[in-house]
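Below is one structure, written out as structure tokens, with a few remarks after it.
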Amino acid sequence: MNLKRPLSLATYLLPEEQETLSAQIKESGSADWITIHPCILSDTNGSSPRGHETLVISRRSAHKLKPYSELISAHLRGQRIVDVEHLLKEIRGRVNLGTADAWSFLLGSTYQSPSIRLYFYLKTLIEPVLAIFLLILISPLLLGLALAIYATSGRPIFYRQERLGYHGKKFSLFKFRTMSLTAESSGPQWASEGDLRVTRLGRWLRKTRLDELPQLLNVPRGELSFVGPRPERPEFYQLLSEAIPLFSLRLLVRPGITGWAQVKNGYAASVEECKTKLEYDLYYIQRMSPQMDFQVILKTIFMVLRGNSGR
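First residue of the sequence shown: 1337, per the working numbering; consecutive thereafter.
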């Protein structure tokens, strides 16, 4: 559904659902081109849908209002009928963990379609070549950053960290080191804004996301894609998969150097923030396409140029 063009909605919703939809449209900044036309069947003054409108309904409202004859007539006229949860997902750009379940998620995903499977295959052919080309192209920059890290905080220059990839396979993620040598002497910790473990140069590297450049090495190895859910550390994955339903669904696709959750929500440093991050990741998995990957890459470039790392 294209939410960037004028859209008229005829809604068969309960009052609280109507209120939620209106609030989300306003919050998303879409109120200028999305209009709502409530159709309240129990009200003798209620109005019926017009031919150009998209009909919006929910399971709860369908059970209570029973607008079946109106829906059948609209369907015969060629009008589009959508579930309010689907519409809210498109407006927010993320799924709702409160109503999502594995069954509906898998049925509503496009990643198993033949066209997306072909896209996966083409990515495995093109991305390694592109990553090697980029590594050669930016090799002077990589050398300069390596020398700067060595001059300011010594060795090691690179940081290797175990992550979980496609289908839960473990791999070593490469990054420029941005923290002190004793950063995790007491065990794995989430990084936070203003983290005292980060070096002065490391703070700049993280802000510009230049510390992520060595991850291009993971692409030819088949461990990372350019776009996808960010790979999680095994220690945190165990915690999060126990605390958050559906968290394991992130492993259905290859992780990425950047992702929809990063450009839309930024860095997550708690279980609650990871829940929101997962909602964006699952939306990406359901909607992934060449167009969406291109959109994520463009947003990432703009964030880097603005000095907003999404962390």
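Think of the CB as a built atom: it goes at the ideal place given N, C-alpha and C, for glycine as much as any other residue.
query	result
Minimum length 4: unbroken alpha helix (DSSP H) runs contained in the stretch 1389 to 1441	1395 to 1401, 1404 to 1412, 1420 to 1428
C-beta atoms of residue 1430 and residue 1615 nearer than 7 Å	yes
Residue 1424 versus residue 1433: straight-line alpha-carbon distance, rounded	12 Å
Coarse secondary structure for residue 1480, derived from DSSP in three states	helix
Three-pair Cβ contact test at 8 Å for the stretch 1614 to 1634 versus the stretch 1590 to 1600	yes
Residue burial classification, residue 1475 (beta-carbon count within 10 angstroms, cutoff 16)	exposed
Host alpha helix (DSSP H) of residue 1538 (start-end)	1536 to 1544
Residue(s) in a DSSP beta bridge with residue 1568	1500
Coil, strand or helix - residue 1345 by DSSP	strand
Run of the alpha helix (DSSP H) containing residue 1638, from where it starts to where it stops	1626 to 1642
CB-CB length for residue 1501 against residue 1507, believed under 8 Å	5 Å
Top-ranked residue by Cα proximity to residue 1367, from 1392, 1353, 1341	1341
Reference residue 1443; option with closest CA among 1547, 1619, 1461	1619
Helix, strand or coil at residue 1563 according to DSSP, with G and I counted as helix	strand
Contact test: residue 1611 Cβ vs the ligand FMN heavy atom, cutoff 6 Å	Annotation note on the ligand FMN: not contained in the displayed structure, which lists no ligands.
Whether residue 1390 touches residue 1350 by CB criterion (7 Å)	no
CB of residue 1470 within 7 Å of CB of residue 1552, strictly	yes
DSSP bridge partner residues for residue 1509 (one or two, in chain order)	1497
DSSP three-state assignment for residue 1374, whether helix, strand or coil	strand
Distance between residue 1371 and residue 1417 (C-alpha atoms, nearest Å)	16 Å
Buried or exposed (CB count within 10 angstroms, at least 16 for buried), residue 1608	exposed
Pairwise C-alpha distance: residue 1489 and residue 1364	44 Å
Residue environment, residue 1414, which counts as buried when at least 16 other CB atoms sit within 10 Å	exposed
C-alpha distance - residue 1570 paired with residue 1504, whole-angstrom precision	9 Å
N- and C-terminal bounds of the alpha helix (DSSP H) containing residue 1462	1450 to 1473
Where residue 1496 falls, given that 16 or more other Cβ within 10 Å makes a residue buried	exposed
Check whether residue 1563 and residue 1592 have beta carbons under 7 Å apart	yes
Boundaries of the alpha helix (DSSP H) in which residue 1612 is found, first to last residue	1607 to 1623
Residues near residue 1378 by beta carbon distance below 6 Å, same chain, minus five either side	The predicted position of residue 1378 is uncertain, since its pLDDT is 44 and thus under 50; a value taken from the coordinates is nonetheless stated next. There are no such residues.
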